[in-house]
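Chains as they are written, first to last, in the numbering used here: chain Y, 152 to 381; chain C, 3 to 275.
First up is the structure itself, then whatever we jot down about it.
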Amino acid sequence: MSGGSDGDPDRTDADLLQAHIDGDPEAFGVLFGRHRDRLWAVALRTMGNPEDAADGLQDGLIAAYRRAASFRGEAAVTTWLHRVVVNACLDRIRAARVRRTETLPDDLEEYGDRGSRISATLATEDPAVLAVRDERRQLVLDALAQLPAEQRAALVLVDMEGYPVAEVAQILDCAVGTVKSRCSRGRVRLAELLGVLRPGSDADHPEPGNPDPAESVRSSSAPRAPPPDG
Amino acid sequence: MSDDANLTPEQEADLRRLLAEARHDDPVPDDVAARLDRVLAQLAAADSELDPERVVELASRRRRNAATLLVAAAAIIAAGLGISRVIPSGGEARQSDTASSAATARGGSGPEAPTDQLEAMAPGKIRPAPVPRSVLNRVSSNHFTTDVRRVGFVAAFGRRSMAYGEAFASTPHTQDAPKPSSPVDRNSLDAAGSDGSTELSGQPGTVTADGANLRSLYDCAPAAWGRGRLAPVLYDGEPAVLAFRKPMGDSRVVDLLECGTGDILRSVTLPRP
C-alpha cells in the first residue's frame, strides 16, 4: 500500500475485495491504496485536524478490512469504503462530543500549515493572490468546523469532493432528501458564519477596511502616578 | 438567522465554490501512511494466525470454552455490578469520591471500601444473584466508542471475576483463566484468547442452574469469535459480543460481533490500556 500506488491495475476494486475475502493477503492493501488519498481528504475535512483524521482513517481501515465480507455489492466498492471511513470519523466525533460535552474541534490552525496549501502553490502565481486564497480557505475551514458533524460530512462529500448526492446518501446511509437538507442547512450556516448574507458582502473578499482594533493595552482607568508625598 | 433562510443561487454558488477551493488535494502524509501500512501488516499477520482448519479441529475445545465464556458473562456482569457500586458513573461518581477516599483512608474496612468489594467477588464468598437482562453491559450504536471503553474497563476485572464465576460452573476452566497478580489486572486485557476460536453459547450439562439462568437471558448463538478477550453485551438491546483484540502498538481493536455468525458489526480502535 505504501505510496498509495496501484500494484495491481488489472484487477477491479470488486476483484480486490473478493480476493481479500478469499484470503489474498495483499489484495486489501492494494484496494485501500487506490483510494487512500481521497479517504484521507474526507477524513481530514470531516475531523478538522490531522491527528483525529488519522485515527478515524485507521478505524475505517480496520473496519473495512474486517467487514469486507459484509459488502453486498449494492454500491461501488469506493462508496462502501467512504461509508466505512466516514462512519468511523463520525463515531469518533460523537464519542468526543460525549466525553467533552463541548463543541466540535475547531483547532484548524495546525493543518493550515500543511497539506493543500503547499501543493496549491504554483511558482507562477502572485504571492498576494496566494495569500488571499489561503486566508479565504482558512476562513472556510474555520466556519466548516463549527457545523454539526452530519452537515459537515455532507458538505465535504458533496461540495468539496464533488460526489453525486445519491452516492453521498449511500455513503451516509440516509435518504437523498436528508443529504440535500443537510447540505442546504450547512450552507446557510456557513453563509452566516462567513458573512455572505450581509448586504453588499462578497464571499471572495473579507470586509473592507482595517480589522477591528485590538483592545488597547493601556488601561482606561486613571493613569498611575507616583504616590503623593506624605 | 434560522436554518430555514434561503440563499440566492449566486450566494449558494459562491459558497459551493469556496468549499470546493478548500478541498484537500494532498496525499496522505508520510507518517500517517506508515501508520496505516503498519496496521495493515498487523491485520494480515493476525489473519495468518487464524487457520480455519485449526478452528474446526478445536471444536471440542471451543465447546469447553463456551461454558467458560458463559461463566465469564456472569462474572463480568457481577464485576460490573461491583464496579458500579465502587465507582458510580458520572456525577454520582464525583459525589462519592470523597466518601470513597474517606473509606479508604479509614483502612478500607468500611462497607463502601473498594477492596472489600473486590474481595467479596472472590470464589465462594458470595453466590451469584439472578442476573436480570437489564444489567448486562449495554452498548449503544450512538455512543459506541464510549460504551466500549466502559465495557473494557469492566472487563479488566474479568480475570478475577472469571475465577469467581467458576464457582457456579460444573466444569473447571481455571487453565483458561489465570488469576491476576493484582485486584485490577490492567494487563489482563492484553492477553489474547488461548486459542483461535471460542463460543459463548453454553452446552447442555456444562453449566449449573445459575449459568442456565444467564443463558436464558443472554441468548447468543455460537460462532467463531477469533482471538481476543470477549465480553457479552447487549448492542442496541440485542445480544452481541465485544472482542478486545490483542493490542497492536499503542492501540487495540475492539470488534462487535454478531451472535451466531461472528460477523463484525462494528469496530473501534482504542488506546492500549
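The C-beta atom is built at its ideal place from N, Cα and C for all residues, glycine as well.
- Within 10 angstroms of the beta-carbon of C:P11 lie fewer than 16 other beta-carbons, which makes it exposed.
- Three or more beta-carbon pairs separated by less than 8 Å link the region 303-321 of chain Y to the region 22-29 of chain C, which places the two stretches in contact.
- A Cβ-Cβ separation of about 18 Å leaves Y:L241 out of contact with Y:H186 under the 8 Å criterion.
- Sixteen is the threshold: since fewer than 16 other Cβ atoms of the shown chains lie within 10 Å of the Cβ of C:E240, the residue is exposed.
- In terms of beta-carbon proximity, C:E23 lines the interface with chain Y, with at least one pair separated by less than 8 Å.
- DSSP, read as helix, strand or coil, puts Y:R336 in helix.
- Taking a beta-carbon distance threshold of 8 Å, Y:Y314 does not count as an interface residue toward chain C.
- Cβ contact annotation for C:D221 (same chain, cutoff 7 Å, sequence separation greater than five): P241, in chain order.
- Here DSSP, grouped into helix, strand and coil, assigns Y:Y216 to helix.
- For a Cβ distance threshold of 9 Å, residue set V34, R37, L38, V41, S253, T271 of chain C lies close to Y:Q209, ordered along the chain.
- Using a CB distance cut-off of 8 Å, Y:M311 counts as an interface residue toward chain C.
- Sixteen is the threshold: when 16 or more other Cβ atoms of the shown chains lie within 10 Å of the Cβ of C:V235, as they do, the residue is buried.
- Contact annotation: C:L232 and C:V150 have beta-carbon atoms that are not nearer than 8 Å.
- Ranked by how close their Cα comes to the Cα of C:A245, the residues C:N139, C:G230, C:D39 have C:G230 in first place.
- When the alpha-carbon of Y:L212 is set against those of Y:E202, Y:G224, Y:G199, Y:R234, the nearest one is in Y:R234.
- Taking the Cα positions, Y:P176 is about 19 Å away from C:I266.
- With respect to chain Y, the C-beta atom of C:A46 has a partner C-beta closer than 8 Å.
- Bounds of the alpha helix (DSSP H) holding Y:R303 are 300-306.
- Every unbroken stretch of the beta strand (DSSP E) spanning 3 or more residues and falling wholly within the region 231-269 of chain C is given here in chain order: 231-237, 240-246, 253-260.
- About 16 Å separates the beta carbon of Y:A317 from that of Y:V237, a gap too long to meet the 8 Å contact definition.
- Only exposed fits C:N144, as fewer than 16 other CB atoms lie within 10 angstroms of its CB.
- Where Y:T197 is concerned, the enclosing alpha helix (DSSP H) starts and stops at 178-198.
- Within the same chain, and ignoring the five residues on either side of Y:D210 in sequence, the residues whose Cβ sits closer than 6 Å to its Cβ are A239.
- Residue state for C:L272 is assigned as strand, using DSSP reduced to three classes.
- Secondary structure note for C:E12: its alpha helix (DSSP H) is the uninterrupted segment 11-23.
- Here the alpha carbon of Y:H171 sits roughly 6 Å from the alpha carbon of Y:F179.
- For C:A223, the closest alpha carbon among the candidates C:L20, C:D252, C:E260, C:S253 is that of C:E260.
- Residues of the same chain with a CB within less than 7 Å of the CB of Y:A220, apart from the 5 flanking positions on each side, are I172 in chain order.
- According to the DSSP secondary-structure assignment, C:R140 is paired through a beta bridge with C:L236.
- DSSP places Y:A320 in the uninterrupted alpha helix (DSSP H) bounded by 316-323.
- Sixteen is the threshold: when 16 or more other Cβ atoms of the shown chains lie within 10 Å of the Cβ of Y:E301, as they do, the residue is buried.
- Any Cβ of chain Y closer than 8 Å to the Cβ of C:L9 would place that residue at the interface, and such an atom is present.
- Interface annotation, C:V30: in contact with chain Y, CB-CB separation under 8 Å.
- Counting C-beta atoms within 10 angstroms of its own C-beta, Y:G199 has 16 or more neighbours from the protein chains shown and is therefore classed as buried.
- Taking 8 Å as the cut-off, the Cβ atoms of Y:G224 and Y:A165 count as close.
- Against chain Y, the CB of C:R229 has no partner CB under 8 Å away; the residue lies outside that interface.
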